[in-house]
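Accompanying notes for the structure given below.
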Amino acid sequence: EMEGCGKDYVVINWIDSKAMFADIITFDEHLEQLRAYNNRYGRGLVIYWHGCTEEIYSKLRDDMIIVRDSFPDHWIFPTGELADGNVPMFLS
C-alpha cells in the first residue's frame, strides 16, 4: 500500500468499466470474468456506473476485486505522480 494526501492507496492492475446497474444475478454472471482478470493481472477494480446492490459485497472473498459506482476521487499513476487533472510528467 502507498500513502499520499492523507489517504491509503492500493495497487490496481486492471479496471473493468460497466455502464449498467448490477444486482447479484448480474454480478454472478461477471464474476468468472473478473476472477480470470485476478488470476492474470492481480487486484482490479470494476465500476458499475449505475450502481449495484449491497449483496454483491458478500460475494467478494478478499480485496482482489474492488467494486465501485464511480471512478476514485484520488489516485496515483504507476510513476508515483498524483492524478490532479494535469498531464502527467511521463506523457509530456
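Those letters in the sequence shown? Residues -18 to 73, per this note's numbering, in order.
Idealized CB from N, CA, C, for every residue including glycine.
Does the separation of the CB atoms of residue i and residue j fall below 9 Å?
{"i": "residue -3", "j": "residue 28", "result": "yes"}
{"i": "residue 57", "j": "residue -10", "result": "yes"}
{"i": "residue 34", "j": "residue 4", "result": "yes"}
{"i": "residue 52", "j": "residue 62", "result": "no"}
Tell me, to the nearest whole angstrom, how far the beta carbon of residue i is from that of residue j; I am working on the premise that it is less than 8 Å.
{"i": "residue 30", "j": "residue 64", "result": "Not quite, the Cβ-Cβ distance comes to about 19 Å (not below 8 Å), so this is no contact."}
{"i": "residue 40", "j": "residue 15", "result": "With a Cβ gap of about 10 Å, residue 40 and residue 15 do not count as contacting."}
{"i": "residue 24", "j": "residue -6", "result": "6 Å"}
Considering Cα atoms alone, identify which of the options is closest to residue i.
{"i": "residue 8", "options": "-6, -10, 48 and 55", "result": "48"}
{"i": "residue 2", "options": "69, -8, -9 and 50", "result": "50"}
Which residues mark the beginning and the end of the beta strand (DSSP E) in which residue i is found?
{"i": "residue 12", "result": "First-last for residue 12: 5 to 22, but that is the alpha helix (DSSP H), not the beta strand (DSSP E)."}
{"i": "residue -8", "result": "No beta strand (DSSP E) holds residue -8; DSSP gives it neither H nor E."}
{"i": "residue 29", "result": "25 to 29"}
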